[in-house]
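Colleague: Basically our numbering = 1-based index in the sequence shown + 37.
Ideal placement from N, C-alpha and C gives every residue a C-beta, glycine not left out.
This structure is a prediction, so every number in the text was calculated from the model and none was measured.
Questions regarding the structure given below will be posed in turn.
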Amino acid sequence: MSWVYEQFICAFLVGCTFLSVLSHPDKAPKYTFLREAASAPQILTYDYIVIGGGTCGCPLAATLSQGATVLVLERGGSPYTNPEQININNFVNSLADISPSSFSQPFISRDGVLNSRARALGGGSVLNAGFYSRASSKYIVDSGWNETLAKDSYQWVEKKVAFEPPMLQWQSAVKDGLLEVGVLPYNGFTFDHLYGTKVGGTIFDKEGNRHTAADLLEYADPKRISVYLHATVQKILFKYNTEKRRQQAYGVIFKDALGVMHRAYLSTKGKSEIILSAGAIGSPQLLMLSGIGPANHLQAHGIKVVLDQPLVGQGMADNPLNVLLVPSPVPVEVSLVQTVGITKFGSFIEAASGLSLGHSWSERLQGIFEFVSNQSGQPSMFPPVADTIRSLANPILKGGVLLEKIIGPRSTGHLELINTNPNDNPSVTFNYFKDPEDLRKCVEGMRTIIDVINSKAFSKFRYHNMPVQSLIDLMLHLPVNLRPKHANAAFSLEQYCIDTVLTIWHYHGGCQSGKVVDHNYKVIGVEALRVIDGSTFHRSPGTNPQATVMMLGR
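If you want it as structure tokens, here you go:
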């Protein structure tokens, strides 16, 4: 089976190997309010300061600008500057890019799983595989959101960025396989989160153009909003409010690409606030850098304590991803995640096909592991596979991937500062499968994937002389993470889940609602500061969170 092994050895982070299609992004919107931070005045004053122009920050800022002046400070660049960077052909390469100007900032969690943070206007919607699906009605109610307002906000987002995907052979076979093995009923194409099998939305239009959260800035009032790129906020400024008898946020310090410091202050007329929308890594990190967090931890880094809040950085969670790669005897289309099986036991089944990778990918992957390991102090355990890659005549996967992500998850970890540089990654631990219920759901999800692979509907895409056990063995030979490997993983789905866990980039927590922020997203214990993004979530919404994060911003 060495020929199959060679087909697969280049498939790092198979959860991200969803694609390779031609894409011609729309021309950049002519945003007159989009500028480089190096051109900003030394002192700025606005009604609202939004830290992070990401998946949540863009719709949030666009909405606020309808009735107030808004400043958006985004540490990354514009997705419109170089359309090739967000071309779907460059999905894997964008994640692998470790240059200072890249849209992807890699990190390795303490669990030994390679992950990534977005640093671009539009946030994760600039890098992701594009799947668009709403949260369940129960999630919306449990979160305390107004159902009518949530629905209206979803629709506001969908007018700009959500589309119905094409359904070709591979995706149709997976859909039919899910129905054959009992993931029922069939709900057709819908944005809604419903038990059974459905076709979800995508942020790629019929021409293959990516529509990111940055496109939602088309709703903004251009006379009331300013968006500065490569503006890295160093800290939030506080002063004592004698009337409220607590600290109050009144401004921020940010650095431009040339290293020059600027200050932005809240206006003193009327209501004004700072809103932190820097994501599940950036928001708790910046709260700590600004003096809000566990006092002992802050003092150990020489940070003046504004508010002793031990729950900042707690509740960090990442939905574990586990997969099987399936070679096909017949050609397959290039497809993103389009079909999803929403099971009642708590696992989501998705699929993609037609991966195309360059010869240098595995070598670049090794470089990423070594680069991030050197930053974090963790030893690199990535095995050398360059010789295998160089031996491939044409490293294109004729086949696809079936993957499962569990709901929740129940397992949580924490985030801590490594240093006081906001450009550097903090230390993050997710504790994958620490809760046995998460592991049970993974095993059930993998069993469902195996059943789909063995289904009659999927048989056209199977080599019948290659049993599922061979696919499991192949996955165990891939250098997908830095976790220890165990011999019994070939026969135990529990151990397989633990050993081959990946990320699907749906991490959340760190500034959780009801703990760090109240149900209006105001930071508990201080004035004029909110956090609004995925860091406030207790669990990931729906099958994929981007729709709900954009809705929340609106």
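Alanine 172 and proline 578 - do their beta-carbons sit closer together than 9 Å?
Modeller: Yes. Within cutoff.
Colleague: Below 8 Å, can you find three or more Cβ-Cβ pairs linking the segment 154-165 to the segment 208-218?
Modeller: Not touching, per the Cβ criterion.
Colleague: Please list, in chain order, all residues of the same chain as lysine 493 whose beta carbon is under 7 Å from its beta carbon, the five residues on each side excluded.
Modeller: The residues are Glu217.
Colleague: Specify, as a first and last residue, the run of the alpha helix (DSSP H) that isoleucine 486 falls within.
Modeller: Residues 473-490.
Colleague: Name, in chain order, the residues that DSSP records as bridge partners for tyrosine 265.
Modeller: Per DSSP, Arg72, Leu110.
Colleague: Measure the beta-carbon distance from leucine 274 to glycine 288 and round it to whole angstroms, keeping in mind my assumption that it falls under 8 Å.
Modeller: Yes, they are in contact, since the Cβ atoms of leucine 274 and glycine 288 sit about 4 Å apart, within 8 Å.
Colleague: Can you give me the C-alpha to C-alpha distance between proline 416 and tyrosine 469, rounded to a whole angstrom?
Modeller: Confidence at proline 416 is low in this model, with a pLDDT of 49, below 50, so the placement of that residue should be treated as unreliable; the coordinate-derived value is given next. Approximately 20 Å, taken between the alpha carbons.
Colleague: If you drop the 5 nearest sequence neighbours on each side, which residues of the same chain put their C-beta closer than 8 Å to that of valine 194?
Modeller: Within the same chain, valine 194 has close Cβ partners Pro96, Leu253, Ala584, Met587, Met588, Arg591.
Colleague: Looking at the unbroken beta strand (DSSP E) that takes in methionine 204, where does it start and where does it end?
Modeller: That residue, methionine 204, is in no beta strand (DSSP E); it is neither H nor E in DSSP.
Colleague: Rounded to whole angstroms, how far is the Cβ of tyrosine 83 from the Cβ of valine 107, which I believe are closer than 8 Å?
Modeller: Confirmed, Cβ separation roughly 6 Å.
Colleague: Indicate whether isoleucine 535 and alanine 524 have their beta-carbon atoms separated by less than 9 Å.
Modeller: No, Cβ-Cβ distance for isoleucine 535 and alanine 524 is not below 9 Å.
Colleague: By the 10 Å Cβ neighbour count, where 16 or more other Cβ atoms means buried, how is glutamate 255 classified, buried or exposed?
Modeller: Exposed is the call here.
Colleague: Counting only runs that start and end within the segment 258-336, where is the alpha helix (DSSP H) found for 4 or more residues in a row?
Modeller: For the segment 258-336, whole alpha helix (DSSP H) runs of length 4 or above, ordered along the chain, are 316-326.
Colleague: In the DSSP assignment, the beta strand (DSSP E) including lysine 442 goes from what residue to what residue?
Modeller: From DSSP, the beta strand (DSSP E) with lysine 442 extends over 436-443.
Colleague: Using a Cβ distance threshold of 8 Å, determine whether the segment 366-382 contacts the segment 178-198, with at least three qualifying pairs required.
Modeller: No, because fewer than three Cβ pairs between the segment 366-382 and the segment 178-198 fall closer than 8 Å, the two stretches do not touch.
Colleague: To the nearest angstrom, how far is it from the Cα of glycine 547 to the Cα of leucine 132?
Modeller: If I take the Cα positions, the gap works out to 23 Å.
Colleague: Is leucine 566 closer than 9 Å to leucine 313 when the C-beta atoms are compared?
Modeller: Taking 9 Å as the Cβ cut-off, leucine 313 and leucine 566 qualify as a contacting pair.
Colleague: Counting only the same chain and skipping the five closest in sequence on each side, list residues whose C-beta sits under 8 Å from that of threonine 380.
Modeller: Cβ within range, chain order: Val220, Tyr232, Ile386, Glu481, Gly482, Thr485.
Colleague: For glutamate 280, which option in Pro582, Thr573, Glu564 has the closest C-alpha, if you only look at C-alpha atoms?
Modeller: Among Pro582, Thr573, Glu564, the Cα nearest to that of glutamate 280 belongs to Glu564.
Colleague: Going by DSSP in three states, glycine 105 sits in which element: helix, strand or coil?
Modeller: It should be noted that the sequence gives alanine, not glycine, for residue 105. Alanine 105: coil per DSSP, three-state reduction.
Colleague: May I ask you to report which of helix, strand or coil DSSP gives alanine 526?
Modeller: In the structure shown, alanine 526 sits in a helix (DSSP, three-state: H, G or I).
Colleague: What is the DSSP secondary structure of leucine 215, reduced to helix, strand or coil?
Modeller: Helix at leucine 215.
Colleague: Among Leu358, Val489, Ser174, which one has its Cα closest to the Cα of proline 446?
Modeller: Looking at the Cα atoms, Leu358 is the closest of the given residues.
Colleague: Could you spell out where the beta strand (DSSP E) holding tyrosine 83 opens and where it closes?
Modeller: It spans 80-83 - the beta strand (DSSP E) in which tyrosine 83 sits, taken as one unbroken run.
Colleague: Take glutamate 474 and list the residues in its own chain whose beta-carbon comes closer than 7 Å to its own, dropping the five residues that flank it on each side.
Modeller: Answer for glutamate 474: Arg447, listed in chain order.
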